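As structure tokens, the structure follows; a few thoughts come after it.
2 protein chains.
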Amino acid sequence: MSMHVTVGPAALTPFLAAEPVQASTGPQILRPFARIKRWPRDQDIVYQGNSADDWYCVISGACRQYMVRPDGRRRIVDILLPGDFFGFTVETAHRFAVQAIAADTIVASYSRSQIEAAADADPLVARAIRERTISTIARLQEHLLVVGTMTAAEKVRAFLSNMFDRLPNRRGSGITLPVSRYDIADQLGISAETVSRAITELRVLGTIHLGSPRNLQTIEPRYLD
Amino acid sequence: MSMHVTVGPAALTPFLAAEPVQASTGPQILRPFARIKRWPRDQDIVYQGNSADDWYCVISGACRQYMVRPDGRRRIVDILLPGDFFGFTVETAHRFAVQAIAADTIVASYSRSQIEAAADADPLVARAIRERTISTIARLQEHLLVVGTMTAAEKVRAFLSNMFDRLPNRRGSGITLPVSRYDIADQLGISAETVSRAITELRVLGTIHLGSPRNLQTIEPRYLD
DNA sequence: CGTGTATTTGAACCGCCTCAATCCCTGTGG
DNA sequence: CCACAGGGATTGAGGCGGTTCAAATACACG
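Protein chains in written order, with the numbering used here: chain A, 1 to 225; chain B, 226 to 450.
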């Protein structure tokens with residue numbers, strides 16, 4: 001079964017020297033398979049328990065991947081920004097729901113069976129998918145590190161810093177947070193009030209500068225890590 | 226470069242109906258590439274900052290994937306059990322260290338470039354890797370959910386439940402926890418004392434039964450989720 | 001320009017962390 | 001097989017940080 005094929009170095013593309021994600025289209029090589037759809041704010045893109053037949057890529061806007069616990073608490077496991085993939089599951093059903101955070105969020109969806117067939121036929125497709133799954137792992141691990149942090153202020157600072165790096169910062173006027181304090185709270189596992197207090201604290205300390213509650217102008221490089 | 230091979234439906238294996246991991250060898254199809262190595266307890270398998278040239282699979286024993294923060298705190302981002310892969314990175318260097326928890330932990334390593342070349346040549350190899358990356362995502366998301374839980378007792382209960390499902394339970398005599406209270410604490414983001422108190426609480430409540438501190442005989446099915 | 005929602009602030013309570021001491025398993029050597 | 005040593009686990013007391021409930025303020029959208 002295993003084929004000991006000798007493959008020259010020329011066949012190796014540098015790992016994860018992937019083309020930057022075209023924010024408007026998703027990965028180039030998967031474009032032929034993409035079904036583009038636009039979603040209103042707070043609309044459900046994937047329901048918990050949905051059959052996991054598709055993979056997705058955020059094109060613009062933002063999404064939250066989450067689960068609502070029986071006690072009513074919402075746990076956000078991933079904030080998805082343009083270029084981020086989601087929908088990779090081990091089970092045949094989605095364990096988490098995904099919904100648009102921003103108005104007019106654009107998401108590409110791909111038939112899993114179709115993409116997998118394409119991956120079988122074209123190693124470059126397989127590599128593109130592999131890169132995305134590995135990026136997802138990196139994102140989750142980073143988040144895990146943040147959530148594990150002790151103090152609330154440090155959690156919030158790390159979260160904001162992460163957003164600052166991932167979101168476009170045009171003309172140096174800072175970023176626009178796509179998420180509410182409640183979203184931040186549910187992702188960090190703390191209360192919204194504590195998020196607010198932490199942000200106030202960071203502002204007073206001069207660690208961050210806000211233009212408005214959703215506009216983060218500057219943030220000091222991490223002093224912990 | 227890309228090989229547009231036409232592959233009929235017969236060539237498609239059902240997604241993630243993968244063969245169960247041979248605990249003694251790792252995935253069958255990757256076996257020809259595996260370099261097997263045995264590690265003593267607390268020995269470093271991967272150092273933080275190491276060049277990420279290899280992927281790994283735990284064959285037997287257990288590992289912790291972690292980072293030590295500047296303040297000296299250790300954050301464990303993943304507990305790796307037989308069948309679990311690690312070493313998937315976006316960067317060219319490992320962001321986390323990995324070390325053996327159990328004595329005589331056996332780990333298979335694979336040259337990343339070699340495996341990627343094999344994946345390019347054989348879609349089944351590519352699928353095997355994809356399955357492992359997706360399993361890693363599932364494990365991290367599960368963990369994220371647990372860490373985000375509010376009370377310490379529930380975190381510990383979820384952790385133990387998770388271990389109970391993942392570890393072999395021979396003759397119904399329960400599982401042997403490969404990790405110390407400190408490991409559990411560092412993974413859940415709480416103190417070791419709190420872990421101990423939570424375990425005592427769960428035992429008093431009858432939620433769990435311990436044969437010894439490391440032997441978990443029974444655990445009630447999750448009442449939350 | 002007004003209304004509804006998001007955000008901020010306040011006060012009291014509770015749970016977890018910290019520091020410390022004790023107990024008890026486990027593995028080693030006699 | 002037993003005694004002992006050493007690390008792991010448990011328990012205790014006190015303080016702090018975060019949650020909760022509640023209210024005021026600020027922002028964004030129509």
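We put the CB at the ideal spot given by N, CA and C, even for glycine.
In this text the structure is predicted, and so the values were computed from the model without any measurement.
Item                                                                                                                                                                                   : Value
Just to confirm my understanding: we take V68 (chain A), look at its own chain, exclude 5 residues before and 5 after, and list those with CB closer than 6 Å. What are they?          : R74
Answer yes or no: does any C-beta atom of chain A fall closer than 8 Å to that of E445 (chain B)?                                                                                      : no
Out of B:S338, B:M375 and B:H434, point me to the one whose CA is closest to T317 (chain B)'s CA.                                                                                      : B:S338
Quick check on the burial criterion: 16 or more other C-beta atoms within 10 angstroms. Buried or exposed for L224 (chain A)?                                                          : Because the pLDDT of L224 (chain A) is 48, which lies under 50, any placement of that residue in the model is unreliable, and the question is left without a value.
With a CB to CB cut of under 8 Å and the five nearest residues on each side skipped, what residues in its chain are close to D53 (chain A)?                                            : S111, R112 and S113
Taking Cβ-Cβ distances shorter than 8 Å, what residues in chain B pair up with V67 (chain A)?                                                                                          : Before going on, a small fix: residue 67 (chain A) reads as Met here, not Val. Here the neighbours are L370.
Any idea if E418 (chain B) is buried or exposed, counting beta-carbon neighbours within 10 angstroms, 16 or more meaning buried?                                                       : exposed
Does the beta carbon of S135 (chain A) come closer than 8 Å to any beta carbon on chain B?                                                                                             : yes
Cβ closer than 8 Å: which chain B residues qualify as neighbours of L140 (chain A)?                                                                                                    : I362, L365, Q366 and L369
Would DSSP call T432 (chain B) helix, strand or coil?                                                                                                                                  : coil
So if I threshold CB-CB distances at 9 Å, which residues from the segment 84-112 of chain A count as touching chain B?                                                                 : F88, T89, V90, E91, T92, R95, F96 and R112
If you measure from the beta carbon of V246 (chain B) to each beta carbon in chain A, is any gap under 8 Å?                                                                            : Legend: pLDDT at V246 (chain B) = 39, less than 50; position of this residue unreliable, value from coordinates given subsequently. No, V246 (chain B) does not count as interfacial toward chain A.
Using a beta-carbon distance cut-off of less than 7 Å, what residues from the segment 182-195 of chain A approach chain B?                                                             : G189
Tell me the rounded alpha-carbon separation between Q43 (chain A) and L305 (chain B).                                                                                                  : 36 Å
Roughly how many angstroms lie between the CA atoms of P403 (chain B) and R139 (chain A), to the nearest whole one?                                                                    : 27 Å
Run through chain A and tell me which residues come within less than 7 Å of V302 (chain B), C-beta to C-beta.                                                                          : Q141, L144 and L145
Between G148 (chain A) and chain B, is the shortest Cβ-Cβ distance under 8 Å, so that the two count as touching?                                                                       : yes
Going by the beta-carbon positions, is the gap between Y56 (chain A) and A108 (chain A) smaller than 8 Å?                                                                              : yes
In whole angstroms, what is the alpha-carbon distance linking T443 (chain B) and H434 (chain B)?                                                                                       : 5 Å
Rounded to the nearest angstrom, what separates A185 (chain A) and K155 (chain A) at their Cα positions?                                                                               : 10 Å
Between the Cα of H143 (chain A) and those of A:A158, A:P123 and A:G211, spot the shortest distance and give me the residue it belongs to.                                             : A:A158
What number of angstroms, rounded off, separates the C-alpha of F310 (chain B) from the C-alpha of P252 (chain B)?                                                                     : 10 Å
Helix, strand or coil, according to DSSP, for G61 (chain A) in the structure here?                                                                                                     : coil
According to DSSP, is Q186 (chain A) part of a helix, a strand, or is it coil?                                                                                                         : Residue identity differs from the one stated: residue 186 (chain A) is Asp in this sequence, not Gln. In this structure, D186 (chain A) counts as helix in the three-state DSSP scheme.
Less than 8 Å separating the beta-carbons of T133 (chain A) and I415 (chain B)?                                                                                                        : no
Check for me: the beta strand (DSSP E) holding A227 (chain A) runs from which residue to which?                                                                                        : Outside the displayed span of chain A (1 to 225) sits residue 227 (chain A), for which this structure offers no information.
Mind checking which residues open and close the alpha helix (DSSP H) that includes A126 (chain A)?                                                                                     : P123 to G148
Count the other C-beta atoms from every protein chain shown that fall within 10 angstroms of the C-beta of S173 (chain A), then say buried if there are 16 or more, exposed otherwise. : exposed
Which value, in whole angstroms, describes the spacing of the CA atoms of L430 (chain B) and M388 (chain B)?                                                                           : 20 Å
So, with DSSP's three-state summary, where would you put D165 (chain A)?                                                                                                               : helix
Select from B:P348, B:I326, B:A346 and B:A423 the residue whose C-alpha is nearest the C-alpha of D408 (chain B).                                                                      : B:I326
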